[in-house]
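Asks: Just so we're aligned, residue 3 is where the sequence shown starts under the numbering used here, counting upward by one.
For glycine and all other residues, C-beta sits at the position ideal for the given N, C-alpha and C.
Owing to the predicted nature of the structure, the values given are computational and were not obtained by experimental measurement.
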Amino acid sequence: MQIKKLYLKNFRNYTEEKVEFSDGLNVLYGANAAGKTNMLEAVYLTSIAKTPRTTKEKELVLEGEKYAVVKVLVENNFRSHKVEIIIDDKGKKRILVDSLPINRAGELIGIVAVVFFSPDEMKLVKESPDYRRRFLDISLSQQQKEYFNALVRYNKILKQRNNLLKSDYEDTDAMLDVYDAQLSDVGLVIVEKRKEFVETLKEYALKTHKFLSDNGETLEVEYETELTRDNFLKLLKKNREKDKKLSFTTVGPHRDDLKLIVNGKDARKFASQGQQRSIALSLKFAELELYKIETGEKAVLLLDDVLSELDVKRRTQLLELSKEYQTILTCTEFDSYEKAVKFKIENGKIIKREY
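1. Do you know offhand how far Val-354's Cα is from Met-41's?
2. Sort Leu-142, Arg-279, Leu-178 by Cα distance to Asn-165 and report the nearest one.
3. Please report the distance separating the alpha-carbon of Tyr-206 from that of Gly-298.
4. So, at 7 Å on beta carbons, what are the nonlocal neighbours of Lys-68 in its own chain, with the 5 sequence-adjacent residues on each side left out?
5. State the CB to CB distance for the pair Asp-182 and Lys-239, rounded to an integer number of angstroms; the pair is presumed to be in contact (CB under 8 Å).
6. Distance check for Leu-323 and Lys-351, CA to CA, integer angstroms please.
7. Check for me: the alpha helix (DSSP H) holding Lys-247 runs from which residue to which?
8. Please list the terminal residues of the continuous beta strand (DSSP E) segment that includes Pro-121.
9. So, do the segment 52 to 63 and the segment 82 to 101 have three or more beta carbon pairs nearer to each other than 8 Å?
10. Output yes or no for whether 8 Å exceeds the beta carbon distance between Leu-110 and Val-85.
11. Go through its chain and collect everything with a Cβ distance to Leu-208's Cβ below 6 Å, but skip five positions before and after it.
12. Who does Val-21 pair with in a DSSP beta bridge?
13. Quick check: the Cα distance between Arg-163 and Lys-271, rounded to an integer number of angstroms?
14. Taking only three categories from DSSP, how would you classify Arg-136?
15. Taking all protein chains shown into account, do 16 or more other C-beta atoms lie within 10 angstroms of the C-beta of Leu-102, making it buried, or fewer, making it exposed?
16. Identify whether Glu-219 lies in helix, strand or coil by the three-state DSSP scheme.
17. Shortest alpha-carbon distance to Thr-230 belongs to which of Arg-196, Phe-250, Glu-243?
18. What are the boundary residues of the alpha helix (DSSP H) that Lys-286 is part of?
19. Assuming the contact rule is C-beta atoms closer than 8 Å, Leu-203 and Leu-305 should be a hit. Round their C-beta distance to whole Å, please.
20. Have a look at Phe-80, Asn-78, Ile-104, Arg-81 and flag the residue whose alpha-carbon is nearest the alpha-carbon of Ile-87.
21. Could you check what DSSP says for Ala-33 in three-state terms: helix, strand or coil?
22. Put Thr-202 into one of helix, strand or coil per three-state DSSP.
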């Protein structure tokens, strides 16, 4: 999979810009706040219809303008697609694929597949389980429509159950019986898919982490859950009174976690900053491998400001790992001898192209 062209209009600090990317390494360089990350964000938006930087999508529209437009032309093994997203100044989105409007974001999944890394991705390691579950959910949703559909359905049932727990509805238990049966059925699909994913992911994450640490460290990845086919429904019933008191559901895959162990120690508690970066990168490159295995396609790698925190050797290792994929990388300056197409960005405008 390759992103061939990107078009922006009134997006963030871009009035209007067009970019043609190469199939190898593409470098966006320039001063801080020039608009490099904004361009990566636009590409990410066309992948899952959300951005990693804000939940207020009206912020994506250039100040003073009524709308923003992001278009990409992407090629995969079989054909090309055009994805267009239009956002108005209220944050409302319209999505078109090959000039035809789509009604659900799920229809967009898999057309533009990306793996994104920024300094914020280090939260994967030491922050709350939400970040690790989000990693699993985005990775699996891009690979498998079945997982995405199960996740959407699970979240809908979970919301209904939580609303019921907060209400003073008279026949709460009868309704909870219905929701519990539905929640356990679809929740087990999510758990099983995550287990299968992590079982393969850990092999590639270990391999990458060894490479980045010069064989100095080992990385183990485990999916943490108490749920099985035999106990999920029982646990929902067992915790029902507690759930009523707390007004939310305390059992389910929305409570699970990803355990990360470096050299025998729980990285969520003990990892240094350097280890956090290596772990997050290892997980992202493992995600790339699994996407390729599952779909037969290569996702596009987006690297935001990752070089500045690495020494020369680590930079070389990172660029070596990325060679197999179309990569779009941002940095303040690029002094590597690696072959790359470079775009200098200044104040939301490409002022120099070097092919």
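Replies: On the basis of the coordinates in this document:
1. To locate residue 354, count along the sequence shown from 1; it is residue 352. To locate residue 41, count along the sequence shown from 1; it is residue 39. In the sequence under discussion, the amino acid at residue 354 is Lys, which differs from the Val named in the question. Straight-line Cα distance between these residues: approximately 15 Å.
2. Translated into the one-based positions of the sequence shown, residue 165 becomes position 163. Looking at the Cα atoms, Leu-178 is the closest of the given residues.
3. For this step, residue 206 is matched to residue 204 along the sequence shown. For this step, residue 298 is matched to residue 296 along the sequence shown. Their backbone Cα atoms lie some 17 Å apart in a straight line.
4. For the purposes of this step, residue 68 is taken as residue 66 along the sequence shown, with counting starting at 1. So the list reads Asp-90, Asp-91, once near-sequence residues are dropped.
5. By 1-based counting over the sequence shown, the position of residue 182 is 180. By 1-based counting over the sequence shown, the position of residue 239 is 237. Taking a contact as a CB-CB distance under 8 Å, the pair Asp-182 and Lys-239 counts as one, their CB atoms being some 7 Å apart.
6. Looking up residue 351 in the sequence shown gives position 349. Looking up residue 323 in the sequence shown gives position 321. About 29 Å.
7. Position 245 of the sequence shown, counted from the first residue, corresponds to residue 247. First-last of the alpha helix (DSSP H) with Lys-247: 242 to 248.
8. Your numbering for residue 121 matches position 119 in the sequence shown. Neither: Pro-121 is in no beta strand (DSSP E) and is coded neither H nor E.
9. yes
10. Translated into positions along the sequence shown, residue 110 becomes position 108. Translated into positions along the sequence shown, residue 85 becomes position 83. For Leu-110 and Val-85, yes; Cβs fall inside 8 Å.
11. To locate residue 208, count along the sequence shown from 1; it is residue 206. Answer for Leu-208: Leu-221, listed in chain order.
12. The sequence position of residue 21 within the sequence shown is 19, counting from 1. For Val-21, which the question treats as bridged, DSSP gives the partners Leu-8.
13. Within the sequence shown, the letter at position 161 stands for residue 163. Within the sequence shown, the letter at position 269 stands for residue 271. Each residue's alpha carbon lies about 33 Å from the other.
14. Against the sequence shown, residue 136 aligns to sequence position 134. Here Arg-136 sits in helix by DSSP.
15. Sequence index remark: in the sequence shown, residue 102 carries index 100 (1-based). Leu-102 should be labelled exposed.
16. As a position in the sequence shown, residue 219 is number 217, starting the count at 1. Note: Glu-219 maps to coil in three-state DSSP.
17. The residue given as residue 230 occupies position 228 in the sequence shown. Relative to the Cα of Thr-230, the nearest Cα in the group Arg-196, Phe-250, Glu-243 belongs to Arg-196.
18. Position 284 of the sequence shown, counted from the start, is the residue given in the question as residue 286. 275 to 297 is the span of the alpha helix (DSSP H), which, as asked, contains Lys-286.
19. Here residue 203 refers to the residue found at position 201 of the sequence shown. Here residue 305 refers to the residue found at position 303 of the sequence shown. Not a contact, Cβ separation roughly 19 Å.
20. Position 85 of the sequence shown, counted from the first residue, corresponds to residue 87. Among Phe-80, Asn-78, Ile-104, Arg-81, the Cα nearest to that of Ile-87 is on Ile-104.
21. To locate residue 33, count along the sequence shown from 1; it is residue 31. Three-state result, Ala-33: coil.
22. For the purposes of this step, residue 202 is taken as residue 200 along the sequence shown, with counting starting at 1. Under the three-state reduction of DSSP, Thr-202 is assigned to helix.
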